[in-house]
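Heads up, the thing below is written out as structure tokens.
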Amino acid sequence: MKRYIYILAMAFGMMSCIQDDYLVDGGVSSQEIGTDTYTFLQSHPQLDTLALLIERAGLIDDVNGETTLFAPNNLSIQRYVDEVLAEMREVDPEAEYTVNDIPTDTLEKYMGGYIFPGKITRDDMTLEGDILTAINGEQRRISLEPRDEEPYEDKLSSFPEYVFYTYKKGDEWDEWNRIVDDELIRVRSSNLLSTNGVIHALQGNHILFDYEGN
Numbered sequence: 065m066k067r068y069i070y071i072l073a074m075a076f077g078m079m080s081c082i083q084d085d086y087l088v089d090g091g092v093s094s095q096e097i098g099t100d101t102y103t104f105l106q107s108h109p110q111l112d113t114l115a116l117l118i119e120r121a122g123l124i125d126d127v128n129g130e131t132t133l134f135a136p137n138n139l140s141i142q143r144y145v146d147e148v149l150a151e152m153r154e155v156d157p158e159a160e161y162t163v164n165d166i167p168t169d170t171l172e173k174y175m176g177g178y179i180f181p182g183k184i185t186r187d188d189m190t191l192e193g194d195i196l197t198a199i200n201g202e203q204r205r206i207s208l209e210p211r212d213e214e215p216y217e218d219k220l221s222s223f224p225e226y227v228f229y230t231y232k233k234g235d236e237w238d239e240w241n242r243i244v245d246d247e248l249i250r251v252r253s254s255n256l257l258s259t260n261g262v263i264h265a266l267q268g269n270h271i272l273f274d275y276e277g278n
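Residues in the sequence shown are numbered consecutively from 65, following this note's numbering.
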């Protein structure tokens, strides 16, 4: 009987830990990964394609510097490839397009939009967000915002906080609490601490480069 109670207690304890991690932002809030950023990307089955694109863009030294990477995963990259291929097949139904066909100059121009100078963790973020400049000169709003979403809206006195990586869509930035045009991309797992910097992994519903087609 005591053994049964102990097993139940362990099970509930493990569930609580999992829920606590989820409530942070859908991922573990602080995790030292024990390698440099690029090595981590290479070894991760959801980020290894990103590693290849970073290499082709000539950005290995940048991601392995004292920087913060907002990492699009393999699904985001495949979404981009699918969008480009769909456009090509409107002209040529036999057209083919793969990750390897993404032009190097496109990667050199846009991949830097995911890399920011310095180590940016959740502790550095605010509700209103800060407009930060990536190493390619593009700007993003980076924020930490609560969301009252299922299954928690009727069960919690305070809501999970998520990191957002936001694109400006109009001539001016939308007000942080009144988004009309800007594109918010939620971070799936934040505060992954490499030996050189910080990684925040984006949700897979993001399309690489926020591509919208022609």
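The beta-carbon is built from N, C-alpha and C at its ideal position, and this holds for glycine as well.
Could you check the C-alpha separation between D246 and T230 for me, to the nearest Å? Within the sequence shown, residue 246 is the residue found at index 182, counting from 1. Within the sequence shown, residue 230 is the residue found at index 166, counting from 1. For D246 and T230, the distance between alpha carbons rounds to 7 Å.
Whole-angstrom Cβ separation of T103 and V262, contact assumed at under 8 Å? To locate residue 103, count along the sequence shown from 1; it is residue 39. To locate residue 262, count along the sequence shown from 1; it is residue 198. The pair is not a contact, with the Cβ atoms about 15 Å apart (cut-off 8 Å).
Touching or not, the stretch 104 to 120 and the stretch 165 to 177, by the rule of three or more beta carbon pairs under 8 Å? yes
Beta-carbon within less than 7 Å of V145's beta-carbon, same chain only, minus the 5 sequence neighbours each way: which residues are those? If you number the sequence shown from 1, residue 145 lands on position 81. Closer than 7 Å at the Cβ level, and outside the excluded window around V145, lie Y161, T162, V163.
Same chain, Cβ closer than 6 Å to N200, neighbours up to 5 away in sequence not counted: In the sequence shown, the residue the question calls residue 200 occupies position 136. Result list for N200: G176, G177, in chain order.
N114 and G268 closer than 7 Å at C-beta: Taking the first residue of the sequence shown as 1, we reach residue 114 at position 50. Taking the first residue of the sequence shown as 1, we reach residue 268 at position 204. Residue identity differs from the one stated: residue 114 is Leu in this sequence, not Asn. No.
Per DSSP, what kind of secondary structure is Y226 in: helix, strand or coil? Taking the first residue of the sequence shown as position 1, residue 226 is located at position 162. Three-state result, Y226: strand.
Considering only residues of the same chain and omitting the five flanking positions on each side of D274, which have a CB-CB separation below 8 Å? Counting from one through the sequence shown, the residue named residue 274 turns up at place 210. Excluding residues within five positions, the ones whose Cβ falls inside 8 Å are Y231, E247, I249.
Enumerate in chain order the residues of its own chain whose CB-to-CB distance from N260 is below 7 Å, with the five nearest sequence positions on each side excluded. As a first step, residue 260 is located in the sequence shown; it is residue number 196 there, counting from the start. Contacts found: D100, T101, N128, G129, E130.
Can you give the Cα-Cα distance for M189 and R242, rounded to whole angstroms? Locating residue 189 in the sequence shown gives position 125, where the first residue counts as 1. Locating residue 242 in the sequence shown gives position 178, where the first residue counts as 1. Roughly 18 Å between the two C-alpha positions.
Check for me: the beta strand (DSSP E) holding Q203 runs from which residue to which? Counted from its first residue, the sequence shown places residue 203 at position 139. Unbroken beta strand (DSSP E) run through Q203: 203 to 210.
Are the beta-carbon atoms belonging to L191 and E209 less than 7 Å from one another? For the purposes of this step, residue 191 is taken as residue 127 along the sequence shown, with counting starting at 1. For the purposes of this step, residue 209 is taken as residue 145 along the sequence shown, with counting starting at 1. Closer than 7 Å, so yes.
Since V251 sits in a beta bridge, which residues does DSSP pair it with? Position 187 of the sequence shown, counting from 1, holds the residue named residue 251. According to DSSP, which records beta bridges pairwise, V251 is partnered with L266.
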